[in-house]
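Following: one structure in structure tokens, then a few remarks.
Protein chains in written order, with the numbering used here: chain X, 1 to 291; chain C, 292 to 582.
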């Protein structure tokens with residue numbers, strides 16, 4: 001099976017949507033790309049860069065006649081977009097999304113797409129970067145990156161297979177997982193780390209020491225807080241969209257930290273070393289497997 | 292003023308002590324380097340690499356006749372080393388250390404060095420890396436890195452000036468600060484981040500999800516947890532040595548995190564965006580100033 005998309009509609013032509021369009025085009029898997037967004041300058045730029053062939057502001061117009069629709073807007077806007085495009089979807093149009101939380105997207109699809117849910121396959125490419133916007137879009141973004149699809153029982157086998165193939169075509173490793181489990185896993189590996197990085201920087205801003213503590217921060221701090229430079233509005237949306245799972249793993253983290261704090265307060269060096277060693281072993285193993 | 296050390300004694304010939312010896316030698320600032328450590332193989336390696344010229348197991352022997360003694364052992368061993376070298380220090384011998392916590396070192400110096408405290412200048416080069424040991428030692432380690440000295444009222448002006456000059460000679464930017472303030476600053480910028488990185492990995496290890504969550508962790512997690520691959524025994528020592536300041540900033544962090552958690556629980560998107568935005572602004576400014 002190979003992928004041939006005659007008309008691809010990308011709703012939200014930023015880093016994620018733009019990179020997918022570029023990657024599919026570079027592999028000859030798409031003929032015509034329709035881009036949709038609110039920002040006229042961004043759409044002009046996407047046309048200039050050759051990321052899209054045609055630009056629309058109205059998502060309903062953008063999806064008309066499309067084989068595949070990729071909703072790549074922020075999580076906060078996804079439900080609204082699904083509602084607006086629903087009347088324009090053809091009988092065979094496939095729809096997918098790229099949101100970092102999935103249970104809320106599955107709920108929104110059920111609410112707004114009705115019977116078209118058979119052809120809506122929720123997805124999450126685990127890729128990105130601090131840079132955003134169509135200028136940062138690149139055809140290699142998804143190579144060897146993981147994409148998690150969270151199929152619904154309503155999905156047709158063919159729709160699932162074709163969305164999987166789309167991601168495999170651009171070099172991704174595709175996994176399938178229940179939406180709730182996806183949200184728990186990503187809360188732990190991505191959303192909580194972002195919350196911690198933001199919290200650490202905010203904590204230091206408020207310390208009120210007689211020197212600027214940031215002047216004495218080094219490489220460990222720089223790396224730990226890299227993701228605190230991420231887009232606040234995007235992460236507000238993700239945190240809210242995955243609130244239940246994020247609150248749950250945040251509670252677990254607070255317990256773990258309180259445990260370390262207790263060992264420290266008790267002067268339990270042996271206990272601290274065990275916990276630090278356990279973390280080091282798991283982190284070293286994580287790095288070994290990434291190679 | 293230029294620096295000319297006839298005989299430098301490095302107690303603990305690892306990354307930090309070894310790099311200082313190499314850097315001083317490369318700049319022609321030292322004639323003879325005496326290395327001291329418990330590990331015979333490591334000392335042989337240091338001799339082979341030309342990092343040291345002479346090796347001893349007994350710190351008392353190592354410091355005899357030295358102009359400058361650099362104590363570069365773990366924080367847990369520093370007090371013991373100061374006690375052992377005290378009888379061997381000449382009337383003009385300068386002593387410094389490189390520990391990541393300073394109030395405890397100042398206390399140990401007062402306890403063990405008595406009158407020689409005039410010539411003991413506590414210091415902390417903010418440099419290092421995941422790699423340790425003399426094989427990782429390199430002459431450029433301190434270039435453009437910060438070194439904080441925490442002078443004691445007992446220090447002679449000459450001793451302070453010469454230890455400052457030693458670090459400036461190897462390319463460091465030298466700052467002076469009260470030991471207690473140093474410990475508060477480093478607790479915030481370094482020791483707390485390490486505790487958080489260890490805690491996050493431990494938390495994920497214990498989650499018990501039906502998939503291995505580490506399989507779906509990406510670049511943000513990798514960078515945030517880099518320092519969880521640090522040496523557990525070393526960080527046990529640092530945490531214990533700086534317990535008071537670390538507990539205090541850990542409390543502050545827990546309050547900040549609880550604040551974010553509260554906003555999330557309340558669904559307060561505007562509040563989350565303000566806090567995330569505050570962190571992003573401070574972190575972006577930190578990176579701008581590092582350039």
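All C-beta atoms, glycine included, are put in the ideal place defined by N, C-alpha and C.
In this text, all values refer to a predicted model and were calculated from it rather than measured experimentally.
Of the candidates X/248, X/269, X/107, X/248 places its Cα closest to the Cα of residue 552 of chain C. In this structure, DSSP gives residue 582 of chain C a state outside helix and strand, which the three-state scheme calls coil. The CB of residue 273 of chain X comes closer than 7 Å to the CB of 523, 524, 527 in chain C, given here in chain order.
When secondary structure is reduced to three states using DSSP, residue 59 of chain X falls in the helix class. In the three-state DSSP reduction, residue 322 of chain C falls in the strand class (E or B). For residue 158 of chain X, the enclosing alpha helix (DSSP H) covers residues 157 to 169. In the DSSP assignment, residue 415 of chain C forms a beta bridge with C/439. For residue 342 of chain C, DSSP assigns no beta-bridge partner whatsoever. Secondary structure of residue 365 of chain C (DSSP, three-state): coil. A residue is called buried when at least 16 other Cβ atoms come within 10 angstroms of its Cβ; residue 403 of chain C meets this threshold and is buried. Of the residues C/343, C/303, C/398, the one whose Cα lies closest to the Cα of residue 328 of chain C is C/303. The bridge partners DSSP lists for residue 176 of chain X are X/149. In this structure, DSSP gives residue 101 of chain X a state outside helix and strand, which the three-state scheme calls coil.
For the pair residue 487 of chain C and residue 428 of chain C, the Cα-to-Cα distance works out to about 28 Å.
Among the residues of chain X, those whose CB is under 9 Å from the CB of residue 511 of chain C are 128, 189, 190, 193, 194, 197, 226, 227, 230, following chain order. Taking a Cβ-Cβ cut-off of 7 Å, the neighbours of residue 541 of chain C in chain X comprise 261, given in sequence order. At least 8 Å separates the CB of residue 376 of chain C from every CB of chain X.
Counting only the Cα atoms, residue 234 of chain X lies some 24 Å from residue 47 of chain X. Note that the C-beta distance between residue 492 of chain C and residue 498 of chain C is not below 8 Å.
Contact between the segment 224 to 241 of chain X and the segment 63 to 70 of chain X is absent: fewer than three C-beta pairs spanning the two stretches fall below 8 Å. Look at residue 105 of chain X: its C-beta is not under 8 Å from any C-beta on chain C. With a cut-off of 8 Å on Cβ pairs, the segment 46 to 63 of chain X is in contact with the segment 71 to 90 of chain X, counting three or more such pairs. In this structure residue 293 of chain C is exposed. Its beta-carbon is surrounded by fewer than 16 other beta-carbon atoms within 10 angstroms. Annotation: the continuous alpha helix (DSSP H) that includes residue 306 of chain C extends over 306 to 317. Bounds of the beta strand (DSSP E) holding residue 297 of chain C are 296 to 302. In the DSSP secondary-structure assignment, residue 565 of chain C is not bridged to any residue.
Taking the beta carbon of residue 148 of chain X as reference, the chain C residues within 8 Å of it are 507, listed in sequence order. Residue 164 of chain X and residue 251 of chain X have their C-alpha atoms roughly 34 Å apart. If you look at residue 556 of chain C, you'll find it in the alpha helix (DSSP H) that goes 534 to 556. With respect to residue 122 of chain X, residue 144 of chain X sits apart: the two C-beta atoms are not nearer than 8 Å. A distance of 8 Å or more separates the beta carbons of residue 373 of chain C and residue 346 of chain C.
Of all alpha-carbon atoms in X/174, X/243, X/285, X/189, the one lying nearest the alpha-carbon of residue 558 of chain C is that of X/243. One finds 181, 184, 185, 188 in chain X with Cβ atoms closer than 8 Å to the Cβ of residue 500 of chain C, taken in chain order. Looking at the backbone, the Cα of residue 97 of chain X and that of residue 17 of chain X are separated by about 9 Å. Non-local beta-carbon contacts of residue 275 of chain X in its own chain, meaning distances under 8 Å to residues more than five positions away in sequence, involve 259, 260, 263 in chain order. Within 10 angstroms of the beta-carbon of residue 410 of chain C lie 16 or more other beta-carbons, which makes it buried.
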